[in-house]
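Chemist: Dropping a structure here in structure tokens format, bear with me for questions.
Structure follows, in structure tokens:
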């Protein structure tokens, strides 16, 4: 379970999140909002990438400020641009890189890598240079490299933004089938439909919190209602 | 050593990464110290045999050597002028054989195995504040940076052409540096998210 207690975050003088109180225990939580609304900062707080200026964030009781390493073991993070996440030259090596510090034998490491490659349809690309994959395959690799460590929560910050419709649908269906708790930040409003809970972030505050249909309606009203002619 | 792993099951593929790196270091040192065309010829035969043993096609060997072509073309007349054919054979031969040998090591060794060796070699420096895992990570990121920078350069060149600024060095350098720094920022964030810093 993720708990945010009176969280405020500032970049310099600029307040990007203000007084956020949340308990996230649903399996599928989506976050929507305009660019600059604070939703990516909210996502980064969950994995300890960003520490709150005020308040605290707890993941299964671990404070992101005091116990960042434990939090990162629990919470995997997938970014928008898969090119920035791929560290190793080839596909299988990038997945194996995630397990380097897991204290596994080489056989066990290879077994886990092979299993995750198979699961994500990347087995045929195992020894290919990662930079030669398509955009969708790169995002699958980024997901695989995170999920091979078996985190209990997966936070995805706009993972489909750079993908075409087919790859966005593929990533979305993979996320839907995961046993982990998933927190998805997205601009693709149709992706949030199967989610249990959707947060609408605007101006650094959670301005709506509810089921998808209501939340998307509230978001549309917020954005289109405030549009100047 | 920019060659990527070429999967296989040969004896060279199965040989420990540390052994291959030591042999490469010994052979390279011997060629540089001996400065003998016969030694270069023996080295070339051994490297050639290594490619055969690892069942690597000739096209793979040529791809490793292709980046050297302009350098070699510039080097040959210069060395000829300075010392004649023997010097050309020694200097150019040593360069080509050692690059082909280094590529043979990377083509038959997974980068993770190389990183493990680097970490072990550097680990005594832990006592003077060097973090072996960081040195190994630096090596991995350097290998990864080559295709990323090449792709960025292509994008920036296209953008420059689209704006009709083909001759402007500023239109190439400024976006290239900005995008590279931005990539480095995002990569750093991704590494932290993957627990590399923990």
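Residue numbers (my numbering), protein chains in the order written: chain A, 20 to 248; chain B, 355 to 552.
For glycine and all other residues, C-beta sits at the position ideal for the given N, C-alpha and C.
1) What are the residues that DSSP puts in a beta bridge with residue 279 (chain A)?
2) Exposed or buried, what is residue 425 (chain B) when buried is set at 16 or more other beta-carbons lying within 10 Å of its beta-carbon?
3) Within its chain, find whatever has a CB closer than 8 Å to the CB of residue 364 (chain B); leave out the 5 residues flanking it on each side and keep chain order.
4) Between residue 494 (chain B) and chain A, is any beta-carbon pair separated by less than 8 Å?
5) State buried or exposed for residue 532 (chain B), treating a residue as buried only when at least 16 other CB atoms are found within 10 Å of its CB.
6) How would you write the range of the beta strand (DSSP E) that residue 73 (chain A) sits in, first residue to last?
7) My parser needs the alpha helix (DSSP H) runs of 4 or more residues fully inside the stretch 80-164 of chain A; what are they?
8) Does the distance from the C-beta atom of residue 237 (chain A) to that of residue 219 (chain A) stay below 8 Å?
9) Measuring only from the beta carbon, is residue 222 (chain A) closer than 7 Å to any heavy atom that is part of the ligand ZN?
10) Under 7 Å, CB to CB, which of the residues in the stretch 140-164 of chain A have a partner in chain B?
11) On the DSSP letters alone, give me the boundaries of the alpha helix (DSSP H) that residue 491 (chain B) sits inside.
12) With DSSP run on the structure shown, which of helix, strand or coil describes residue 24 (chain A)?
13) What are the residues that DSSP puts in a beta bridge with residue 30 (chain A)?
14) State the Cα-Cα distance for the pair residue 223 (chain A) and residue 203 (chain A), rounded to the nearest angstrom.
15) By how many angstroms is the C-alpha of residue 105 (chain A) removed from the C-alpha of residue 544 (chain B)?
16) Straight-line CA distance for residue 201 (chain A) to residue 26 (chain A)?
17) Just to confirm before moving on: does the CB-CB distance between residue 514 (chain B) and residue 527 (chain B) stay below 8 Å?
18) Is any beta-carbon of chain B found at less than 8 Å from that of residue 177 (chain A)?
19) Expressed to the nearest angstrom, what Euclidean distance is found between the alpha-carbon atoms of residue 193 (chain A) and residue 143 (chain A)?
20) Nearest by alpha-carbon distance to residue 370 (chain B): which of B:430, B:460, B:538, B:494 is it?
21) Taking 8 Å as the cut-off, decide whether the C-beta atoms of residue 83 (chain A) and residue 67 (chain A) are in contact.
22) Using a threshold of 8 Å, state whether the C-beta atoms of residue 177 (chain A) and residue 109 (chain A) are closer than that.
23) Could you work out which residues of chain B lie near residue 87 (chain A), taking near to mean beta carbons separated by less than 8 Å?
24) Going along the chain, which residues of its own chain have a beta-carbon closer than 8 Å to the beta-carbon of residue 172 (chain A), five neighbours each way excluded?
25) In its own chain, which residues sit with a C-beta less than 8 Å from the C-beta of residue 445 (chain B), not counting the 5 before and 5 after it?
26) When the distance is taken between beta carbons, is residue 42 (chain A) closer than 8 Å to residue 97 (chain A)?
27) Identify the contact partners of residue 112 (chain A) in chain B, using a Cβ-Cβ distance below 8 Å as the criterion.
28) Note down the Cα distance separating residue 493 (chain B) from residue 148 (chain A), rounded to an integer number of angstroms.
29) Are residue 490 (chain B) and residue 472 (chain B) closer than 8 Å when you measure CB to CB?
30) Could you check whether the Cβ of residue 501 (chain B) sits closer than 8 Å to any Cβ belonging to chain A?
31) Please work out which residues of its chain come closer than 7 Å, Cβ to Cβ, to residue 416 (chain B), disregarding the five sequence neighbours upstream and downstream, and give them in chain order.
32) Strictly under 8 Å for the Cβ-Cβ distance: is residue 546 (chain B) near chain A by that measure?
33) Where does residue 61 (chain A) fall in DSSP's three states?
34) Given residue 509 (chain B), which residues of its chain have a CB within under 8 Å of its CB, disregarding the five upstream and five downstream residues?
35) Considering just the uninterrupted stretch of the alpha helix (DSSP H) at residue 236 (chain A), what are its terminal residues?
36) For a test of the three-state rule: what should DSSP assign to residue 410 (chain B), helix, strand or coil?
Modeler: On the basis of the supplied data:
1) No information on residue 279 (chain A) is available, as it lies outside the stretch 20 to 248 that chain A covers here.
2) exposed
3) 407, 408, 409, 462
4) yes
5) exposed
6) 73-78
7) Runs found: 87-93, 110-117, 125-138.
8) Result yes, Cβ atoms of residue 237 (chain A) and residue 219 (chain A) sit closer than 8 Å.
9) For the ligand ZN, the structure offers nothing, since it holds no ligand at all.
10) 146, 148, 150
11) Looking at the DSSP string, the run of the alpha helix (DSSP H) that includes residue 491 (chain B) is 486-516.
12) strand
13) A:33
14) 17 Å
15) Distance between the alpha carbons of residue 544 (chain B) and residue 105 (chain A) is about 9 Å.
16) 21 Å
17) no
18) For residue 177 (chain A), the answer is no, since every Cβ of chain B falls outside 8 Å of its Cβ.
19) 18 Å
20) B:460
21) Yes. Within cutoff.
22) Contact: no.
23) 552
24) 21, 65, 78, 93, 94, 95, 199, 200, 201, 202
25) Around residue 445 (chain B): 429, 433.
26) no
27) 359, 464, 465, 466
28) 16 Å
29) Taking C-beta atoms as the reference points, residue 490 (chain B) and residue 472 (chain B) count as a pair closer than 8 Å.
30) Among the residues facing chain A, residue 501 (chain B) is included, as its CB has a counterpart in that chain under 8 Å away.
31) Nothing meets the Cβ criterion.
32) yes
33) helix
34) 533
35) 231-244
36) coil
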